[in-house]
Amino acid sequence: MRALRALVTGASTGIGRTFARELAATGYVVTAVARSEDRLRTLVDELGSGHRYLVADLATADGQGLVADELARHPVDLLVNNAGTAHHGPFTETPAQDALTAIRLNCEAVVTLAHAFLAQARPGDALINVSSTLAYAPTPGLAVYSASKSFVTSLSEALWHEQRPYGVYVMGLCPGMTATDSHSLSHEDAPAALIQTPEALVAAALRALDRRARPTVVSGTANSVFTFAARVLPRRTALALLSRTP
Ligand SMILES: NC(=O)c1ccc[n+]([C@@H]2O[C@H](COP(=O)([O-])OP(=O)(O)OC[C@H]3O[C@@H](n4cnc5c(N)ncnc54)[C@H](OP(=O)(O)O)[C@@H]3O)[C@@H](O)[C@H]2O)c1
Numbered sequence: 001m002r003a004l005r006a007l008v009t010g011a012s013t014g015i016g017r018t019f020a021r022e023l024a025a026t027g028y029v030v031t032a033v034a035r036s037e038d039r040l041r042t043l044v045d046e047l048g049s050g051h052r053y054l055v056a057d058l059a060t061a062d063g064q065g066l067v068a069d070e071l072a073r074h075p076v077d078l079l080v081n082n083a084g085t086a087h088h089g090p091f092t093e094t095p096a097q098d099a100l101t102a103i104r105l106n107c108e109a110v111v112t113l114a115h116a117f118l119a120q121a122r123p124g125d126a127l128i129n130v131s132s133t134l135a136y137a138p139t140p141g142l143a144v145y146s147a148s149k150s151f152v153t154s155l156s157e158a159l160w161h162e163q164r165p166y167g168v169y170v171m172g173l174c175p176g177m178t179a180t181d182s183h184s185l186s187h188e189d190a191p192a193a194l195i196q197t198p199e200a201l202v203a204a205a206l207r208a209l210d211r212r213a214r215p216t217v218v219s220g221t222a223n224s225v226f227t228f229a230a231r232v233l234p235r236r237t238a239l240a241l242l243s244r245t246p
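Under the numbering used here, the residues of the sequence shown are numbered 1 to 246, in order.
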């Protein structure tokens with residue numbers, strides 16, 4: 001029987017790197033995608049023989065095309081659409097170009113790669129789109145980011161339903177605050193109960209992948225309480241509270 005194959009975007013660091021490590025440890029042959037070749041090479045060396053990397057800027061049409069072609073030529077059993085970016089600040093005080101780059105990476109690349117993957121997916125295959133708890137919480141100061149994650153969660157839920165008859169599982173994964181190299185978080189940023197490690201997040205995602213039940217996976221009790229509150233609070237109250245979130 002051939003080994004299962006996975007492609008993980010944004011695998012050079014953070015949550016994506018943890019996905020790549022954990023999937024390799026459970027027997028997947030991993031293709032790691034990001035822009036930083038040095039980091040990808042270090043990761044693939046660590047994972048061992050058989051694993052590979054692909055350098056691509058997924059905020060560009062060329063980079064998206066490169067990875068979509070790879071998925072068409074070398075189908076995988078699991079795609080983890082993880083690469084994403086956020087820029088902080090009031091909407092009008094941040095360059096429009098930053099917002100558009102975020103949308104290309106967080107939304108356009110997710111659609112392009114999901115489409116390439118699902119076009120050839122077979123029963124048993126799975127797609128994980130990494131969203132955020134902010135998908136449920138329009139966030140002042142992170143307006144484009146939170147809107148982009150609402151897009152990812154909505155897309156994932158609809159695709160979950162569409163793909164069920166074909167035996168293909170689609171998950172929208174909603175991490176809350178996750179301490180990574182580029183997002184070092186401390187007690188000053190948030191109560192410890194709200195901060196997860198990438199290892200805890202990925203373990204929760206892989207447990208949910210085994211069960212293949214829920215369209216959306218919110219990792220951790222505190223994050224579930226947060227998303228519940230964000231959905232049921234009156235919008236003005238939610239927005240006032242969220243404008244104070246770090
Ligand atoms: N950390 C959190 O608190 C948190 C919370 C909720 C949701 N999330 C989501 O989880 C995902 C991963 O977040 P993270 O915290 O692990 O982020 P991170 O540490 O900043 O890592 C982002 C990854 O994406 C890659 N990347 C960035 N721009 C790219 C581009 N244009 N083309 C290809 N790859 C690109 C980066 O590699 P290169 O720079 O080498 O390209 C890196 O591997 C994102 O979708 C994020 O929105 C994170």
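Idealized CB from N, CA, C, for every residue including glycine.
Reduced DSSP category for residue i - H, G, I as helix; E, B as strand; rest coil
| i | result |
| --- | --- |
| V170 | strand |
| A193 | helix |
| A137 | coil |
| R5 | strand |
| T153 | helix |
| T227 | helix |
| T180 | coil |
| A11 | coil |
| T26 | coil |
| A240 | helix |
| A213 | coil |
Contact set for residue i: own chain, Cβ-Cβ below 7 Å, skip 5 residues either direction
| i | result |
| --- | --- |
| G63 | A56 and D57 |
| L105 | L58, A59, A83, G84 and T85 |
7 Å Cβ cutoff met for residue i and residue j
| i | j | result |
| --- | --- | --- |
| N82 | V30 | no |
| P138 | S146 | yes |
| E22 | V202 | yes |
| R5 | D98 | no |
| A32 | A11 | yes |
| F19 | V80 | yes |
| F91 | A135 | no |
| P165 | T178 | no |
| T101 | F226 | no |
| L261 | F117 | As displayed, the chain neither begins before 1 nor continues past 246, which places residue 261 out of reach and without an answer. |
| A193 | A222 | yes |
| A230 | A238 | yes |
| A113 | V67 | Reading off the sequence, residue 113 comes out as Leu, not Ala. For L113 and V67, yes; Cβs fall inside 7 Å. |
Residues near residue i by beta carbon distance below 6 Å, same chain, minus five either side
| i | result |
| --- | --- |
| V170 | L127, S156, L159, W160 and Q163 |
| V168 | A121 and D125 |
| V130 | N82 and L173 |
| P191 | none |
| A119 | none |
| A109 | L58 and Q64 |
| C107 | S148 and F151 |
Own chain partners of residue i with C-beta closer than 8 Å, once the 5 adjacent residues on each side are dropped
| i | result |
| --- | --- |
| A3 | G27, Y28, V29 and G50 |
| R214 | M171 and A208 |
Residue i beta carbon near ligand 2 (any heavy atom closer than 6 Å)
| i | result |
| --- | --- |
| S132 | Although ligand 2 was asked about, the structure shown includes only ligand 1 as ligands. |
Task: Ranges of the beta strand (DSSP E) found wholly within the segment 39-127, counting only runs of at least 3 - done: Correct list: 52-55 and 78-81.
Open item on the list: I'd like to know if the segment 45-52 and the segment 18-35 are in contact, where contact means that at least 3 CB-CB pairs between them fall below 8 Å.
Closed with: Proximity of the segment 45-52 to the segment 18-35 meets the contact definition, three or more beta-carbon pairs being nearer than 8 Å.
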